[in-house]
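Here the structure is laid out as structure tokens; the discussion comes afterwards.
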Amino acid sequence: MSYKKRNEEAAGEVGLYYHIDKTTVLQEARIFNDSHINNRRCRILLTKIVFLLYTSEPFSVQEATNLFFNVIKLFQSKDTSLRQMMYLVIKELSGIAEDVIMVTQSLIKDIQSKQDTVYRANAIRALCLITDPSMIQGIERILKASIIDKVPSVSSAAIVSSYHLYNVAKDIIKRWTNEVQEAVNQKRPSRSAFSSAASTYFTAGQSKQPQIIVSNSNISQYHAISLFYLIRQHDRMAVTKLVQQYSGSQQNGGFLSGGGKGGSNSQTLRNPAAVCMLIRFACKIAQDDTGSIQRIFIILDGFLRHKSDMVTLEAARAICNIPNIPAKALIPAITVLQIFLSSPKPTLRFAAIRTLNNLSINIPTVVALCNLDITNLITDQNRSIAIFAITTLLKTGNEASVDRLMHQITGFMNDIPDDFKIIIVNAIRSLCLKFPAKHSTMLAFLGNILHDEGGYSFKKAIVEAIIAMVKHISECREAALSHLCEFIEDCEFPKLSVRVLHLLGQQGHKMATPTKYIRYIYNRVILENSIVRAAAVSALVKFGIYGRDASVKKSVVVLLTRCLNDIDDEVRDRATLCLAMLKNEQLAKIYSANDDTFSLATLESKLLEYVDSHENAKQFNLNAIPVISKDQEEQVEADHTRAIKNSSLTLLPSKNEGGEPLFSGAKKDIDSASNDLQYREKLSSISQFSNFGTLFKSSSVINLTEEETEYNVSCIKHIYDRHIVFQFNCTNTLNDQLLENVHMMMQPDIDGLIQVADIPADKLDYGVTNSLYVAFEQQDPDDELATNVTFSNTLVFQVKDCDPITGEADPEGYEDEYQVEEIEVATNDYIRPDYIPNYMELNDNQITETFALNKEKAPSLKVACTSIINLLGMQALEGTENPKNNNLHVLLLSGTFLDGTKISCKCRMTFNASNGVAFELTISSENEYVSQFVLVAIS
């Protein structure tokens, strides 16, 4: 055979696809009508059609229809490759052409062909794609037979098609459980002449009909077990049985016994991808049921000895992701990953080091066992592997290895892109805070790369790392600020210059020689654009306000006076304000010393509501926006960023001396604002609640039933100006029942509240959570708010018995009801926890009362503080929720009432071991009624 001739023919065919015209292709489609079909020309033309469908303008419906019926005339051809190409074109045209259902019988004939043809799988895919959902029942018998077909390609095509049809024919496909399970267990021949993934070769002297040779891959097992899980995913017991059956693990043992047999006894699943899918099903069980973690661990431990690297790696990764797993239990998985670190395959090395890198965030001591092997990967040719290796070492290394790591990193920093550099910089930033004694080495490294070439994101990461060192390591502040000053001398990014200037304004006046930083700042006033000049003016004034030397203040006044002639009005206005602050200390205290800010998420949502309401004549209510300190805002933003970066792992928050998360009040306030924003968007989309006004507050989730009951019900209270909306989230945990027309019957124990809305859930399937709503309105707006109101609740629904396996429900049902716990609307539902910076200055309408809590209710000041905070629904300030003294304490609280009134509370507390806690409560607000209303919550 002449390969040269074949290459020339191929080159000629490729040239045919340049400048393809749709009109020409449609005209050429007449060759499909010839009595003698030219297989080669037809294949080329079909390829052109596919090319146009993907790259050119789409065919019109009429064009696609005519072309479709021309193409299906190729059913008379016996050429295998032409028939396969025809099925591909049929599938692509089926979404545009009309009456495609006409070809159904031809496809069914091909599927049921007794000949050794390779295109039966293609026919199944085409048939399932063009079949109308209402007609799927007509081809049910064919698909069920194809699922258990002995030819792997046919079985896989039928299973994958069934997987895609599941959403439109769920009830039908659920009946195929036995066939799908048989496909999982079915043994395949080692060689087949019917696989669509076959490789072809031509025997010299024979016709050009392909002869198929393929080795067995058992890929149909992977498809079958995925479909089996899709059918049974809402039946927890069935999924558990599935995992136990195909993992071969039937024994029970201790969490650390490691006696599973998953790798050695799992003879049913021979395809590695299917075993990996089984491992993921096992992880889902452990995630949903924490009591099954011990059993799942034994199964995963057994898979660590599987002969396939893919399965072993998946099992090791799954073990590392088990929450709260003891370090000792990780040793087998770590050992497997350590072996993969020295594998000749780059994919295995990459997967292993990435898993260890993620694990090192929470449990660095365990990963440190692999540090010797990880060190060898620093020089790996694959830069992704090298980056993961160095960042893992930065997280797990000890203080003595810092210098060596910095030296190794320096060697290849210039050879990697900015994205990888940012990862390294972030890792070094964490290492700085972990080993502050080594700050000089790491700061020198950051300072050197700060002057290298790089984009904005890279330079920003370095600047933020140095700023973090300035804030947390006092010994390096002088050197760190010097690096930043040199950086802004030749900085091409104005945003970073502004960031550095702000830091210089905060820290520069505290240094031994503040005049050095004034020179760098004033250089920016002379040389930079208006944005940077304005930031420099704001930084300069800090040296005058907080400077310890009177001569420094005098110099700052001279420099700011020169800025009054700047060409930009922003710079001039800032200079004018700064000069006024230098002359008036009270003005400086208001505009410079006060760093309080608004909760930006809430501010944005309120402004959007204000703009959408078109009530421009009404003044925007700024008092309704929560106020937090700058430190609290930065801490919450840092926690949020860290949670996004490490969403796959559980991170432990920073703790203060009392064991509580730092800035817990601010974080809780931001989380509450975020939840309110989500609920607001959801409730505003419901027409019955559109005239209720603005949502003031949403409560936390209140469980009204025990977790193990047949129906799980929880409630969220949404508070409006005159309305209360109760959102009930209901879950049906019985797999043999279907609930329909589910609604909550509520009855308050007082008059004055009228039910104005009742939105039921249409149905509750097994394991699916749906929401239903009930809304009440205060009858007379002049009456006092309804507090200490108890609602009795009864869940009313229609029950239909159903088959646990297929999910089919009986047509007839019966009415039933289910009593759940009562709900109380209390004073704290009308108070939102908000930060008020000047709570001591809120002296109007003060009310003071004395109370006592016995030792059973308050065995300590900590318990008393928690009780009072929950009772009033306010936010604790300045960390006062954690008493430092066991006998005396002052608790400070603040919040916002339903009408926007600010409230502050001061609670002086004493503790006696015999009598409990006695406290004096002082409530201040801008409205006497509000102060009295809050006091009622205690009394």
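Everything in the sequence shown is counted per the UniProt record's numbering, starting at 1 for the first residue and increasing by one.
Every residue gets a Cβ at the ideal spot worked out from N, C-alpha and C, and that includes glycine.
Tell me which same chain residues have a C-beta within less than 8 Å of the C-beta of VAL890, skipping the five on either side of it? If you number the sequence shown from 1, residue 890 lands on position 890. Cβ neighbours of VAL890 within its own chain (closer than 8 Å, five residues either side excluded): THR880, LYS906, CYS907, ARG908 and MET909.
My assumption, with CB atoms under 8 Å, is that ARG334 sits in contact with VAL366. Please give the rounded CB distance. Taking the first residue of the sequence shown as position 1, residue 334 is located at position 334. Taking the first residue of the sequence shown as position 1, residue 366 is located at position 366. Sequence check: residue 334 is Ile here, not Arg. Their Cβ separation, rounded to whole angstroms, is 6 Å, which keeps ILE334 and VAL366 in contact under 8 Å.
Assign ILE31 to one of two classes, buried (16 or more other C-beta atoms within 10 Å of its C-beta) or exposed (fewer than that). Sequence index remark: in the sequence shown, residue 31 carries index 31 (1-based). Counting other Cβ atoms within 10 Å of its Cβ, ILE31 stays below 16 and is therefore classed as exposed.
Hey, quick one: how far does the beta strand (DSSP E) through GLU849 stretch, first residue to last? On the sequence shown, residue 849 is found 849 positions in, with the first residue counted as 1. In the DSSP assignment, GLU849 falls within the unbroken beta strand (DSSP E) covering 847–853.
Judging by CA-CA distance, which residue of LEU52, ILE96, LYS395 and TYR54 is the nearest neighbour of PHE69? For this step, residue 69 is matched to residue 69 along the sequence shown. Of the listed residues, the one whose Cα sits closest to PHE69 is ILE96.
Quick one: measure Cβ to Cβ for residue 940 and LEU501, integer angstroms, because I've assumed they're closer than 8 Å. Nothing in the structure corresponds to residue 940, since the chain is present only between 1 and 939.
Residue of ILE37, SER35, HIS36 and ARG43 minimising C-alpha distance to VAL25: As a working mapping, residue 25 is identified with position 25 in the sequence shown. Closest by alpha carbon: ARG43.
Within 10 Å of its beta-carbon, does VAL118 have 16 or more other beta-carbons around it, so buried, or fewer, so exposed? Translated into the one-based positions of the sequence shown, residue 118 becomes position 118. Buried, since its Cβ has 16 or more Cβ neighbours within 10 Å.
Beta carbon of LEU877 nearer than 9 Å to that of LEU892: Indexing the sequence shown from 1 puts residue 877 at position 877. Indexing the sequence shown from 1 puts residue 892 at position 892. In this structure, the beta-carbon distance from LEU877 to LEU892 falls below 9 Å.
With TYR456 as the anchor, note down where its alpha helix (DSSP H) starts and where it stops. For the purposes of this step, residue 456 is taken as residue 456 along the sequence shown, with counting starting at 1. Per DSSP, TYR456 belongs to the alpha helix (DSSP H) from 456–472.
Residue 943: which of LEU393, SER162, ILE319 and ASN882 sits nearest, CA to CA? Residue 943 lies beyond the range of the chain shown here (1 to 939); nothing can be said about it.
Of the residues LYS114, LEU165 and LEU853, the one placed nearest VAL151, counting alpha carbons only: Sequence index remark: in the sequence shown, residue 151 carries index 151 (1-based). When each option's Cα is compared against that of VAL151, the closest is LYS114.
Rounding to the nearest angstrom, what Cα-Cα distance links CYS370 and ALA351 in this structure? Stepping through the sequence shown from its first residue, residue 370 is reached at position 370. Stepping through the sequence shown from its first residue, residue 351 is reached at position 351. So the alpha carbons of these two residues sit roughly 15 Å apart.
Whole-Å CB distance - LEU45 paired with ALA29, under 8 Å assumed: Position 45 of the sequence shown, counting from 1, holds the residue named residue 45. Position 29 of the sequence shown, counting from 1, holds the residue named residue 29. At roughly 7 Å, the Cβ-Cβ gap stays under 8 Å, so LEU45 and ALA29 are in contact.
For HIS889, the first and last residue of its enclosing alpha helix (DSSP H): Residue numbering aside, residue 889 sits at position 889 when the sequence shown is read from its first letter. Careful: HIS889 lies outside any alpha helix (DSSP H), inside the beta strand (DSSP E) at 888–897.
Taking the continuous alpha helix (DSSP H) assigned at GLN727, which residues delimit it? The sequence position of residue 727 within the sequence shown is 727, counting from 1. Bounds of any alpha helix (DSSP H) do not take in GLN727; it lies within the beta strand (DSSP E) bounded by 723–732.
From ALA550, THR513 and ALA121, residue whose alpha carbon lies closest to that of LEU481: Counted from its first residue, the sequence shown places residue 481 at position 481. Considering only alpha carbons, the answer is THR513.
Let me know the secondary structure DSSP gives VAL863 once reduced to three states. In the sequence shown, residue 863 corresponds to position 863, counting from 1. Secondary structure at VAL863: helix, using DSSP grouped into helix, strand and coil.
Counterpart residues of ASP573 in DSSP-defined beta bridges: Translated into the one-based positions of the sequence shown, residue 573 becomes position 573. Partner(s): none; ASP573 has no beta bridge.
Pull up the distance between the alpha-carbon of HIS234 and that of TYR766, whole angstroms please. As a position in the sequence shown, residue 234 is number 234, starting the count at 1. As a position in the sequence shown, residue 766 is number 766, starting the count at 1. Straight-line Cα distance between these residues: approximately 7 Å.
Straight-line gap, VAL532 to LYS459 (C-alpha atoms, nearest Å): Counted from its first residue, the sequence shown places residue 532 at position 532. Counted from its first residue, the sequence shown places residue 459 at position 459. Spanning the alpha carbons of VAL532 and LYS459 requires a straight line of approximately 17 Å.
On the criterion of 16 or more Cβ atoms from any shown chain inside 10 Å, does ALA437 qualify as buried, or is it exposed? Along the sequence shown, read from residue 1 onward, the residue named residue 437 stands at position 437. Classification for ALA437: exposed.
Consult DSSP for VAL525 and reduce its assignment to one of helix, strand or coil. Working through the sequence shown from its first residue, we reach residue 525 at position 525. For VAL525, the three-state secondary structure derived from DSSP is helix.
Return helix, strand or coil for GLY784, following the three-state DSSP convention. Against the sequence shown, residue 784 aligns to sequence position 784. Reading the sequence as shown, one finds Glu at residue 784 and not Gly. DSSP places GLU784 outside both helix and strand once states are collapsed to three, so it counts as coil.
ASP149 classed as buried or exposed, judged by whether at least 16 other C-beta atoms fall within 10 angstroms: Residue numbering aside, residue 149 sits at position 149 when the sequence shown is read from its first letter. With a 10 Å radius around the Cβ and a threshold of 16 neighbouring Cβ atoms, ASP149 comes out buried.
Give me the Cβ distance between residue 980 and GLU849, rounded to the nearest whole Å; I'm assuming they're in contact under 8 Å. For the chain, the structure presents residues 1 to 939; residue 980 sits outside this window and is missing.
Three-state secondary structure assigned by DSSP to GLU492: Position 492 of the sequence shown, counted from the first residue, corresponds to residue 492. If DSSP states are grouped into helix, strand and coil, GLU492 belongs with coil.
So what's LYS717 in DSSP terms, helix, strand or just coil? The residue labelled residue 717 in the question sits at position 717 within the sequence shown. Residue state for LYS717 is assigned as strand, using DSSP reduced to three classes.
Is there a Cβ from chain B that is less than 9 Å from the Cβ of ASN529? Among the protein chains of the structure shown there is no chain B, as only one such chain exists.
Extent of the continuous beta strand (DSSP E) run through HIS743: Taking the first residue of the sequence shown as 1, we reach residue 743 at position 743. Going by DSSP, HIS743 is part of the beta strand (DSSP E) stretching over 737–748.
Do you know offhand how far GLU835's Cα is from LYS553's? As a working mapping, residue 835 is identified with position 835 in the sequence shown. As a working mapping, residue 553 is identified with position 553 in the sequence shown. Correcting the residue type first, residue 835 is Tyr in the shown sequence and not Glu. Note on geometry: alpha-carbon atoms of TYR835 and LYS553 lie some 34 Å from one another.
Cα-Cα, which of LEU772, SER792, HIS723 and GLN287 is closest to GLN778? In the sequence shown, counting from the first residue as 1, residue 778 sits at position 778. Out of LEU772, SER792, HIS723 and GLN287, HIS723 has the C-alpha closest to the C-alpha of GLN778.
Boundaries (first-last residue) of the alpha helix (DSSP H) holding VAL61: One-based indexing of the sequence shown puts residue 61 at position 61. VAL61 -> alpha helix (DSSP H) spans 61–71.
Could you have a look at ALA757 and say whether DSSP puts it in helix, strand or coil? Walking along the sequence shown from the start, residue 757 turns up at place 757. Here ALA757 sits in strand by DSSP.
THR922, DSSP secondary structure in three states: Against the sequence shown, residue 922 aligns to sequence position 922. In the three-state reduction of the DSSP assignment, THR922 falls in the strand class.
Leaving out the 5 sequence neighbours to the left and right, which residues in its chain are closer than 8 Å to ILE385 when beta-carbon positions are compared? Within the sequence shown, numbered from 1, the residue matching residue 385 stands at position 385. Short of 8 Å from the beta carbon of ILE385, and not among the five residues preceding or following it, lie these beta carbons of its own chain, in chain order: PRO346, ARG349, PHE350, ILE353 and LEU377.
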